Each structure stands twice: as C-alpha cells, then as structure tokens.
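Novice: Take a look at the following structure, please.
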Ligand code: GDP
C-alpha cells in the first residue's frame, strides 16, 4: 500500500495544507508538517470525508458519485472550523437511501449490526484513521456518522434524552395489555386549611390495610386500600412540589384534592391551586374541611368555588365536593370513594408487562444506605435486579421498600417504592426507566451526566454574560449567585427558596445550581464561571474540588445550621460580600529610594518597619493614608537574591506588579484575607 504526502492530498482537495493537518488532527491523526505522509487508506478516508470521488463504488452508494461537482473548498473550510454537519449532509449529493439511528452510547458492535457489516471491518476502518478500538468501544458520534456514511447509511442521531430512545427500549419489552391503574393524588390548598391533617387522617383511617405493628414510613407517598381499590397519595402537600415536578416534565398526579377550610373559604392559595391543577389538566375533587367548626360555612365555600368554575354536582355542576373534618375523622371514607369514582371516569390505564418506568418523587443521601429514591411506578413492573436510569443517575435495583416499610420484590404501576442501588441522588421529577442491560444503564447515565455538566456550564456563563450586560445598562444592580449543595433534597430545596427570598431591591440572590451531594469539581467550575458563592450544607468538598476552590479562588462556605447560612447571607448583603472574611495585616515596608531598572521598571529600596512581607501576599500601596494601589508584588529581593519573605528590621528591594508610580515615603502593606471563625 502506498503513502500520500499531505501537501499533495491538500492539493487534490484544493485546500490549504494547514487546514488539512487540522482536520487530520481532529480525526486523531498526528502529522508533523505538509511534507509528512499518511497511508493510502487514511488518505482515501479523508478524501471520502471531504467528498472527492476517489473510490467510485462507494460513492455510488452515496447516491451517484457526483462529488466532483461539489463545492469542495467551501465545504472543507467549513469542516475545518466547525464540526460534522457538512459530512453528515452532503451539500449537493442526494440524500443517502438507508437510514440508521445512533445515540451517544453506540458501540462498535452495535454500529456494525446496524450497518450490516462485521465489527472487525469497523475496527479496521477506525484503525485507518488512527483510532485503536475494540468491539465494545463507545464511538464518538461524528466518527460513527462518518463510518455509517462510508457504508452507505445516513446516521440519524438520537439523543439519550429523547423519547425515541426510550421508545426503542420500550418496544423491546412491550407485551401485554393495558390494565386499570390506581389514581395518584396530590393534596393542595391554602395554608392552614388542613392539608397535612387530611393526609394524616386518611393514613390513619386506613390502618386496617397495614401490617400489624408496622411503622408507616415517610417515603414521599403512601398507598391507601379501600374496598373498591387503591389510591396513592403524594405525601408532600403544597404547590411547589407539584409545580417543580411539572417543570421537570413529569406528570405524576391524576387527581388533585383541593382542601378548603369551611370557616375560611377561598383564599389566595386556593386560587393558585386551581390554576396549577388546570394548567396540568388534572381534575379537582374539593374537600371542604373543618366542618366540625361552629363557624363552618360549607355553602359559602361552594358558592365561592362555583364562581371560579368549580360547580358542585348538587347544583347541577360537574365538580365533586365532599364535606370532611380531618380532625374529627368525618367524611374521610366518602372522600376516598369519590376519588375512586373520579378515577373511574378518567379510565386510568397502564401496561404492567413492560419494562418499568416511573418518576422520582423524593431522593436523598442516606448515611447508612447510600442514595435512596422513592420511585412512583407508572408503567410496567419493577423488579429487584432491574438495571435502570434515573435522570443522570443509574443503577440496578438492590432492594425495594414500600410505604408500609416492607421489603418487596416487585412493584407494579401506581406503586411508590423506595429504591436502593443508585449511583447517586437523582432529582425529584426525574424519569426512572428500566433498560435492557446494566451496561446500557451506565452508558446512558454517564453520557447524560456529561451533557448536563456541559449544559450547566454553558447555561451559567450565558446567564452571567447577559446579567453583566443588564448590570451595565442598569448601572448599580448587583447580583449574588449561589451554588447550593446539601445532604438531602429537602434541605437543598428549602435553602434555595429561602435564599431567593432574601433578595432585596439592591441585591438579587440567584441560585444557579442546587443539588444533593458533596461538592465536586463541577460545582466549583460552575461557581467560578457564574461568579457564584458555594454553600455546602452538611456536605464536604472532595479533595479535588478543594484544590480547585483554591485555584479558582471560589468562595466556599460550609455550614451545618441553616440559620447560620441565612444570617451570613443577610450580613453579606448589608455590607455586600465577604462577611466572614477579615483582613489580617502581615507587615509594612517603607519606600526609601527608587531605582529605574531598564526592562524591569521601578524597584523600591525599602525597609520593613513591622511584621514581615511574604513575596506572595496581597499588598496595597498607601500614600498619606490613602490607598493608591491594590495588587501583588512582582519581585522581592535581599541584595541580589530572590527571597520568599523579609522580616522586620531588614532592607529589601521590592517591585510591584503592574504599578510603577511608587514614591519615596510610600508604605507598602502586605495583608491576608482571613476566614473568621463563625460565632455560634
Ligand atoms: P395545612 O397547612 O393545610 O397543612 O394545614 P394543617 O393540616 O397543618 O392544619 C392547620 C390547622 O387546622 C391545625 O391546627 C389543625 O389542627 C387544624 N385543622 C385541620 N383540620 C381540621 C378540622 O377538620 N377541624 C378543625 N377544627 N381543625 C382542623
């Protein structure tokens, strides 16, 4: 097999040698100069990628081999600078006839299957472009697409996040018919109208259904058995959880129970709850609570709600109203019956034979058990041992615990179960999806995580840029960005909310990222990019993250009392920034003479009057009690020697970085920003 010189290849392609070398490098082929050679096979591949009809038979697979007429140079230039798009969609060639779908997890073996060729052939092709691979090697998408093209296929890229991929997985495991599914209920309503009391009342009314002596577990949801069927209640009442789930695209709730206190009537959050339920197109069952109270006026509640479009059935409307007393346990059974009635109307169905799929309701880091998540199964049946993906996390179900605290081996649709065996803590609202193999779960999880990190980083830097612009426009508007990491989801969320609520007109607090887990390098990078302060609650940074904190000079604060965080932030906002740092003066020198040294600049002959001057310290130049410069030293010498420190009573030569305006009599003060021990 012959070899080809870069410059002649470049000439053939009508492209600059330099550009070609760049492109080769991008393909993993290192060449020294335009005089270097590459083997014929690589040259062919390059020609093919660049679209020259070197090999007729293959070109004909691409649909006619009219490559010679293509605007090669233009295409090539674009390619050298951007990515694959020009390769994937030939500019003037007709579209490739056969299509395959590849995702970020595609391996050599899988690609070979899709391309109807041998894995061996692909490995050889890859070697030709300088990539040593094996059967299970995950391929770069660009390369996979190029290989596909070589075999006459058009590779359509399907993201690991897209539904299509999920569908593919589902198709594999979908058998069985749709069966009735129990309803999932969220309780909403105005504060103090009795949401929590009602959830407790329902739970307790149903003790018969529980194990004798069994302790009910708070796993974020619980099941209630009624003679006609089962109902699942989400345990976190309130609108934030509901809205947060929806914001993440998870439709969890089938029915909303709207609690309205009969002695108080329709209140702002009552309206808000109605708005949430309507936006999510979820039907509402109204529980008129506290009817035991002497001043209860259920009719007024009905009238008010009718005005908002919730017309009671007894008045000819379509809304179900039930009068209850959570306190006196009145009307609870009837409420449950009505919920089931509403569920019947909805005809909720699920296929229990598929690979399981669900939503993360709650997740946390358990000290003893590691990451734990409550999954509400929505389709299929989850079994111990199933490999799965949950957001960016993955794993294999090690154990499952139901809401009665009992270990179970299986969970069918509309069952909330605590799942052990996760790689990390997912987010509430993340989809949980069983996949065919362990390996696949890991691949998808890993790639999603990578993507998320990239997105987080790019998102944040964009935000900062636009904010910067806004700030310039507005003038003095200040913003404090925060990255919050906590040990449990609840704290992370609570903290994020309290932090944002601290915003004032002058300073806006923005949580750019909040998650469960230790502080990682990504968090630090994120904080650095967003110019954010990192707040860790009951978590520690990893050693690498700690190193990066120092390197990137990111402000990292660790706490174990939420109140301290709030107090600190408030203090910081009053003085704006650095509340727990205090300056410590290290030493002072007096400038006694000045020397202009060519190429070096001004150097001061100085005398250390007190303390000592470390070479690396931050310094300020003080003239007549006014700070004229803030910065660092560029040199520190004793006689002709560079030194790291000079002590009291010694003379030294000092140069100041980017500052040449020193005067005799100036004081150079070295200082350190020191973390102040927190008052407790
Ligand atoms: P939430 O904020 O909506 O979760 O409301 P809570 O469940 O915490 O209830 C607020 C207050 O109302 C508590 O003091 C309860 O004891 C009281 N409460 C709840 N339900 C009833 C009820 O049916 N009757 C009476 N009299 N008080 C109730």
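Residue numbers (my numbering): 4 to 683. In this text, a Cβ means the ideal position worked out from N, Cα and C, and glycines have one as well. Values in this document were obtained by computation on a predicted structure and should not be read as measured data.
Residue 194: beta carbon under 8 Å from a heavy atom of the ligand GDP?
Specialist: For the purposes of this step, residue 194 is taken as the residue at position 191 of the chain shown. Residue 194 Cβ: within cutoff of the ligand GDP.
Novice: Cβ of residue 733 within 9 Å of Cβ of residue 364?
Specialist: The question about residue 733 has no answer here: the residues shown for the chain are numbered 4 through 683.
Novice: Under 9 Å, do residue 608 and residue 656 count as touching if we go by C-beta distance?
Specialist: Position 605 of the chain shown, counted from the first residue, corresponds to residue 608. Position 653 of the chain shown, counted from the first residue, corresponds to residue 656. Result yes, Cβ atoms of residue 608 and residue 656 sit closer than 9 Å.
Novice: Under the assumption that residue 426 contacts residue 398 (Cβ atoms under 8 Å), give the Cβ distance between them as a whole number of angstroms.
Specialist: In the chain shown, the residue the question calls residue 426 occupies position 423. In the chain shown, the residue the question calls residue 398 occupies position 395. About 5 Å separates the two Cβ atoms, so the contact holds.
Novice: Any idea which residues DSSP pairs residue 655 with across the strands?
Specialist: As a first step, residue 655 is located in the chain shown; it is residue number 652 there, counting from the start. Residue 655 is bridged to 609.
Novice: Less than 8 Å between the CB of residue 327 and some heavy atom of the ligand GDP, yes or no?
Specialist: As a working note, residue 327 is residue 324 in the chain shown. Yes, the ligand GDP has a heavy atom inside 8 Å of this Cβ.
Novice: Pull up the distance between the alpha-carbon of residue 105 and that of residue 25, whole angstroms please.
Specialist: Locating residue 105 in the chain shown gives position 102, where the first residue counts as 1. Locating residue 25 in the chain shown gives position 22, where the first residue counts as 1. Between residue 105 and residue 25, the C-alpha separation is close to 26 Å.
Novice: Distance, Cα to Cα, residue 599 vs residue 666?
Specialist: Translated into the one-based positions of the chain shown, residue 599 becomes position 596. Translated into the one-based positions of the chain shown, residue 666 becomes position 663. A direct Cα-to-Cα measurement between residue 599 and residue 666 gives close to 12 Å.
Novice: Return the CA-CA distance between residue 151 and residue 35, expressed in angstroms with no decimal places.
Specialist: The count along the chain shown starts at 1 and reaches residue 151 at position 148. The count along the chain shown starts at 1 and reaches residue 35 at position 32. Their backbone Cα atoms lie some 29 Å apart in a straight line.
Novice: For residue 337 and residue 258, I'd like the C-alpha separation in whole angstroms.
Specialist: Taking the first residue of the chain shown as position 1, residue 337 is located at position 334. Taking the first residue of the chain shown as position 1, residue 258 is located at position 255. Taking the CA atoms as reference points, residue 337 sits about 16 Å from residue 258.
Novice: Can you give me the Cβ contacts of residue 669 inside the same chain, cut-off strictly under 6 Å, excluding the 5 residues immediately before and after it?
Specialist: Start at 1 with the first residue of the chain shown, and residue 669 comes out as number 666. Here the set comprises 594, 624 and 626.
Novice: Alpha helix (DSSP H) containing residue 550: first to last residue?
Specialist: Numbered from its first residue, the chain shown carries residue 550 at position 547. Run containing residue 550: 546-555, per the alpha helix (DSSP H) assignment.
Novice: Roughly how many angstroms lie between the CA atoms of residue 505 and residue 495, to the nearest whole one?
Specialist: Residue mapping note: residue 505 aligns to position 502 of the chain shown, counting from 1. Residue mapping note: residue 495 aligns to position 492 of the chain shown, counting from 1. Each residue's Cα considered, the two are about 16 Å apart.
Novice: Is residue 38 buried or exposed, if buried means 16 or more other CB atoms sit within 10 Å of its CB?
Specialist: Counted from its first residue, the chain shown places residue 38 at position 35. Under this definition residue 38 is an exposed residue.
Novice: DSSP on residue 355, reduced to helix/strand/coil?
Specialist: For the purposes of this step, residue 355 is taken as residue 352 along the chain shown, with counting starting at 1. Residue 355: coil per DSSP, three-state reduction.
Novice: Could you check the C-alpha separation between residue 690 and residue 339 for me, to the nearest Å?
Specialist: Residue 690 lies beyond the stretch modelled for the chain, which goes from 4 to 683, so this question has no answer here.
Novice: Any chance the CB of residue 404 is under 8 Å from a heavy atom of the ligand GDP?
Specialist: As a working note, residue 404 is residue 401 in the chain shown. Every heavy atom of the ligand GDP is 8 Å or more from the Cβ of residue 404, so no.
Novice: Which runs of the beta strand (DSSP E) at least 3 residues long sit entirely within the stretch 495-535? Give them in chain order.
Specialist: 510-519
Novice: Below 8 Å on the Cβ atoms is my contact criterion, and I expect residue 332 with residue 208 to pass it. Report the Cβ-Cβ distance as a whole number of Å.
Specialist: The sequence position of residue 332 within the chain shown is 329, counting from 1. The sequence position of residue 208 within the chain shown is 205, counting from 1. That pair is a contact at about 6 Å.
Novice: What residues in its chain sit with their C-beta under 6 Å from that of residue 512, if we drop five residues either side in the sequence?
Specialist: Position 509 of the chain shown holds residue 512. Same-chain partners within the cutoff: 483, 502, 503, 505 and 506.
Novice: Residue 308 lies in the alpha helix (DSSP H); which residues open and close that run?
Specialist: Taking the first residue of the chain shown as position 1, residue 308 is located at position 305. Looking at the DSSP string, the run of the alpha helix (DSSP H) that includes residue 308 is 301-310.
Novice: Give the straight-line distance between the Cα atoms of residue 486 and residue 548, rounded to the nearest whole angstrom.
Specialist: Counted from its first residue, the chain shown places residue 486 at position 483. Counted from its first residue, the chain shown places residue 548 at position 545. Going by the C-alpha atoms only, they are around 14 Å apart.
Novice: If I'm right that residue 671 touches residue 648 with Cβ under 8 Å, what's the distance once you round it to whole angstroms?
Specialist: Here the question's residue 671 lines up with position 668 in the chain shown. Here the question's residue 648 lines up with position 645 in the chain shown. 14 Å between Cβ atoms; not a contact.
Novice: Using the beta-carbon count (16 or more within 10 Å), is residue 21 buried or exposed?
Specialist: For the purposes of this step, residue 21 is identified with residue 18 of the chain shown, where counting begins at 1. Flag for residue 21 reads exposed.
Novice: Is the stretch 384-394 in contact with the stretch 318-330, if contact means three or more CB pairs nearer than 8 Å?
Specialist: no
Novice: I think residue 134 touches residue 118, with their Cβ atoms under 8 Å apart; what is that distance to the nearest whole Å?
Specialist: Looking up residue 134 in the chain shown gives position 131. Looking up residue 118 in the chain shown gives position 115. In fact, because the Cβ distance is near 16 Å, the residues do not count as touching under 8 Å.
Novice: Across which residues does DSSP place residue 156 in a beta bridge pair?
Specialist: In the chain shown, residue 156 corresponds to position 153, counting from 1. In the DSSP output, where bridge partners are listed per residue, residue 156 has 101.
Novice: I'd like to confirm something about residue 298: is its beta-carbon nearer than 8 Å to some heavy atom of the ligand GDP, or not?
Specialist: The residue you call residue 298 lines up with position 295 of the chain shown. Answer for residue 298: no, Cβ out of range of the ligand GDP.
Novice: Is DSSP giving residue 183 helix, strand or coil here?
Specialist: Working through the chain shown from its first residue, we reach residue 183 at position 180. Strand, per DSSP.
Novice: Measure the C-alpha to C-alpha separation of residue 441 and residue 553 and round it to an integer number of angstroms.
Specialist: Taking the chain shown and counting its residues from 1, one reaches residue 441 at position 438. Taking the chain shown and counting its residues from 1, one reaches residue 553 at position 550. Their backbone Cα atoms lie some 38 Å apart in a straight line.
Novice: Tell me, please, which residues DSSP counts as bridged to residue 208.
Specialist: Residue numbering aside, residue 208 sits at position 205 when the chain shown is read from its first letter. Paired residue(s): none; residue 208 is not in a bridge.
Novice: Starting from residue 337, trace the beta strand (DSSP E) in both directions and tell me its first and last residue.
Specialist: The count along the chain shown starts at 1 and reaches residue 337 at position 334. That residue, residue 337, is in no beta strand (DSSP E); its alpha helix (DSSP H) goes 335-349.
Novice: Hey, would you say the C-beta of residue 261 is under 8 Å away from at least one heavy atom of the ligand GDP?
Specialist: In the chain shown, the residue the question calls residue 261 occupies position 258. Not so, every heavy atom of the ligand GDP lies at least 8 Å from the Cβ.
Novice: Which residues does DSSP pair with residue 363 in a beta bridge?
Specialist: Taking the first residue of the chain shown as 1, we reach residue 363 at position 360. In DSSP, residue 363 forms a bridge with 378.
Novice: In this structure, how does DSSP classify residue 390 when only helix, strand and coil are distinguished?
Specialist: Counted from its first residue, the chain shown places residue 390 at position 387. Looking at residue 390 - three-state DSSP - the assignment turns out to be strand.
Novice: According to DSSP, simplified to helix, strand and coil, what is residue 142?
Specialist: The count along the chain shown starts at 1 and reaches residue 142 at position 139. In the three-state reduction of the DSSP assignment, residue 142 falls in the coil class, being assigned neither a helical nor a strand state.
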